[in-house]
Structure formats: C-alpha cells, structure tokens
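This report concerns only the one structure given below.
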Amino acid sequence: MGGVRDLAHVNVAGGDELLCLWPRHGGVYAWGREMLVAFMESPCRYKHPPEAARDHTGIWKRGYLRLRRSLDGGQTWSDDGKAFDNSQPYERQRRILRLDEFRPHTGPVLERLDMSGPDAVFLMGRAWCGEDLPTLRTRGPVVYCLRSTDRGRHWDETPAVLRPARSRFLIHFANNNLRTKTGRLICWVAGEETPEAPCAAAGCGPQLYASDNEGAEWLFLSEIWNDPAGRIRASYPHLIVLPSGRWLCFMECRHVSGDQRTPWTAVCSSDDEGLNWTAPRALAAWTHAPFPLRLADGRILVIYMRCAPDPTGLYLIYSEDDGVHWSTPQLLRGDGLQAGPHSAIDGAYPVALSLDGQRVFVVYGWETDEDDVPWYGGRSRISGTYFTLA
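Under the numbering used here, the first residue of the sequence shown is numbered 13, with each subsequent residue one higher.
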C-alpha cells in the first residue's frame, strides 16, 4: 500500500487585493457535501511589503477571521461572514470579549450550550487587545473560543477566553479539540513568553486546556512538552487518539537559534488522557506546521509544508503501525515558490479532514511568483487539495 492518487486542486479563497493566510489558525469542517473553512484575511494592494506583513503591523491590524462555505463538496466557495474582526479598535474588541468584566472571583456568565451534536463547531482565534506592549506599540494577544451549534451560521454572543496559566501568552490552532469518554472537552494550544519573535523565541511549548461546561470555560490541564534547556521551540501541536486509548501529539520543533530552514516534526504520547507525556521523538526533518490525520483503515497521515531546502512543496508521510515506522515523503503539490540556497518560503499551514474514511481534503495557504507583485512571491491565496492514499 501507499502512494498518492486522484490528486485534484481547487481554489478556496483569494483575490487581486486580498491577503489570505493561515487556515491552521482557523479550521475546516464538513457535513456531507457542506463545508466550512476559516482563515485570516485582510485587504492588500500588493504594492508595498508592509501591506502583506504577517505580524501585528499587517494582517493582525487590518485583518479578520474570514468564513467561507461550500455546498458542493468544496468545488465552489462563497463568503459567509467574519467570525471576528481584528481591524476594529482594541477597545471594541475588548468589549466583545468582555475582558474588563473579569475579576479574581467572577466574570461574564456564558450560556451552557449542548456542543455534543454533529453540527457543533468550536472556532478559536486571537485578538491583539490584551496587555499593553509599549516596545511593540501594540497590545498582547488574547485567545478566544467561539461556539456554534448550527454549523457556524450563528455563534454564542460571548466568546470564551483562555487565560494563560503556564506562559505569558497563548497561541491558538485549528480543529484543536476532542471529547473524552467522560464528556470532558480537551483543547490544545501553545504557550509562549513573547510575541516579538515567534519563530526564534524560547519558552514556547504545547499545552492542554480542559472544559467541563461545553466550552464556556477553559482551564489549564497539563503541559505536553517544553524544552527545559530553552534551546528548542515547540509549536503547532495536534492530537489524535488511537483505538488503544493512547493519545499522540504531533508538533513542530525548531532550534531557537534557527529559522524556517530548521524545523522538524516530533511526536510524543500519553496513556492517561493527557496528564503525563513522553519526551518527543523526531520523525522527519524540514517539516513546517505538521497536521496529522487518522484514516478509517488505521493509517496515520502527517501533512506538512517543506519551506526549505528545495524542492519545496506540500508533502505527507504516513504510518501503518500507529506511528512506529514512517514512509518516505510523498509530494502533494510542488508548483509554488522555491527557497533558493539560503532562504525559506512562507509555510502553507495546512489543516485536513477525511471525507469518506479514505479520501482526504487539505486546506492550506499557497502562492506563486507573480510579475506585478514588486517582491519575490505573489498573492497569498487559500487552496484545497483532494487525494486518496492508495
């Protein structure tokens, strides 16, 4: 077995004056032929590099959490609103999140929704309206959780807020929750100490939060891993559950002194529902923002972007024995930018789901070099790829 077949690519989002990024910080959901995707989007004329900045001076300042919906299995897509608007004044964002109503002993009361149904959606995001960061001329990020019981058409009026417990700030991710046998909800985030240099800063590691009230409140549960020596930064965690009950957490690791050319995928495991974890084991080099998926036949895929060295592209590896041994990399798409001898390209930040137990749909960011963009690269769009693993 093995090998990718039935490849097909579709355009999910993008435009001549739109910057579309990071489905891994949004999500993808499916109900038969109906699909919903979430990602960050902002206006961008592609005239000056600061317009396309991937930080608090660019997309986090002018962007919003865009929703797009498909009713034909992902072949065509249309806008379906904004889940959260980061371009609003920070005072307005704070009012939406009701941040100034929190006290040591009390806070906003959120409705207890039944989130156990098939139409329920948890969608996390980040609003830069927290503590003042004078050196950056901005405010710190606040992670929130939106809840919907009707496939993302309506959302709970007051988002839940995740409070950092083991780090100064939190980073959110897509499709980042599971429900235990007891009904408890678990979500995974990453903790970091500074948002100033997220690819190089020490003190970043994956964490678990738990909710016993259907996502109305999330509390710190455990730290999956953090390098005690401060040499390795770990992020982009994602969990899958094996039939044995073992949890596997896949993550991206990179040396603090490194860059986009150094990341690797690692995995660690827990046999007590996330309370204790093994040390991470490296699986594959040159892998950015890995996203795992378990198929109906038991095989585990890990989809990632190779940002450097060339050949860059969207790849996967797979395991047929619950993650003990892994295949050689399989190319999904390779018509994007090339890194060259010393640089690295931006990541794809993929997120994926299984449509029928075997056929997979991946959503990711993509760009090619365009002559009318005055720097190496082009318009950042959201793409989708269908494939089957033979």
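We put the CB at the ideal spot given by N, CA and C, even for glycine.
Between the options, which has its C-alpha nearest residue i's C-alpha?
| i | options | result |
| --- | --- | --- |
| T277 | H60, P35, P341 | P341 |
| V155 | C141, T161, H166 | C141 |
| L190 | C56, G27, H250 | H250 |
| L367 | Y41, L231, L31, L233 | Y41 |
| R45 | T194, A228, P35, R163 | R163 |
| A308 | G137, E332, K73, Q370 | Q370 |
| L31 | S234, W378, H117 | W378 |
| A64 | A364, V385, L295, G286 | V385 |
| R243 | A228, S256, P275 | P275 |
| V336 | L326, L254, Y388, M127 | L254 |
| Q219 | N187, A241, I183 | I183 |
| S54 | P61, R36, P35, E29 | E29 |
| D224 | N238, D126, D18, H68 | D126 |
| C10 | T194, P116, N238 | Here the chain comprises residues numbered 13 to 402, so residue 10 is not present and cannot be evaluated. |
| D91 | F114, C56, V49, T150 | V49 |
| T147 | R107, T206, E103, T194 | T206 |
| P35 | P302, A351, T380, Q350 | P302 |
Kindly indicate which three-state DSSP category residue i falls into: helix, strand or coil?
| i | result |
| --- | --- |
| W72 | helix |
| T147 | helix |
| E103 | helix |
| A351 | coil |
| A64 | helix |
| I108 | helix |
| E113 | helix |
| R36 | helix |
| Q342 | strand |
| A50 | strand |
| M127 | coil |
| K94 | strand |
| I198 | strand |
| D309 | coil |
| N23 | strand |
| N189 | strand |
| A418 | No answer is possible for residue 418: the residues shown for the chain start at 13 and end at 402. |
| E235 | strand |
| P171 | coil |
| T118 | strand |
| W140 | coil |
| V268 | coil |
| E382 | coil |
| G217 | strand |
Going straight from the alpha carbon of residue i to that of residue j, what length do you get?
| i | j | result |
| --- | --- | --- |
| W338 | M263 | 16 Å |
| S392 | E143 | 30 Å |
| T192 | S355 | 43 Å |
| Q105 | A139 | 7 Å |
| V314 | E332 | 12 Å |
| T290 | P101 | 43 Å |
| G43 | D131 | The residue you asked about is not Gly; residue 43 is Trp in the sequence shown. Taking the straight line joining both Cα atoms gives about 8 Å. |
| E229 | R124 | 10 Å |
| G396 | L158 | 24 Å |
| D283 | Y58 | 49 Å |
| R110 | T118 | 12 Å |
| T161 | L231 | 22 Å |
| R66 | I394 | 15 Å |
| Y6 | L326 | This structure gives no information on residue 6, because the portion of the chain shown stretches from 13 to 402. |
| N187 | R165 | 17 Å |
| D112 | H60 | 37 Å |
| L33 | E382 | 17 Å |
| P353 | R81 | 39 Å |
| P240 | N288 | 16 Å |
| I108 | L145 | 21 Å |
Could you check whether residue j and residue i sit closer than 8 Å to each other, using their CB atoms as the reference points?
| i | j | result |
| --- | --- | --- |
| Y330 | L260 | no |
| G129 | S99 | no |
| L83 | A95 | no |
| L122 | A172 | yes |
| G152 | F181 | yes |
| G38 | F51 | yes |
| L197 | E226 | yes |
| G346 | P362 | no |
| L305 | V16 | no |
| F399 | V375 | no |
| E204 | S179 | yes |
| M47 | G93 | no |
| R258 | P321 | no |
| H68 | T150 | yes |
Between residue i and chain D, is there a C-beta pair that is closer than 8 Å?
| i | result |
| --- | --- |
| E205 | In summary, chain D is missing from the structure at hand, where a single protein chain is found. |
Assuming the contact rule is C-beta atoms closer than 8 Å, residue i and residue j should be a hit. Round their C-beta distance to whole Å, please.
| i | j | result |
| --- | --- | --- |
| C319 | H300 | 5 Å |
| L174 | Y221 | 6 Å |
| W200 | F185 | 7 Å |
| R293 | V268 | Not confirmed; about 20 Å, so no contact. |
| I236 | G217 | 7 Å |
| M317 | A364 | Not confirmed; about 12 Å, so no contact. |
| W89 | A25 | 6 Å |
| D77 | G137 | According to the sequence as given, residue 77 is Leu; it is not Asp. 5 Å between Cβ atoms; contact. |
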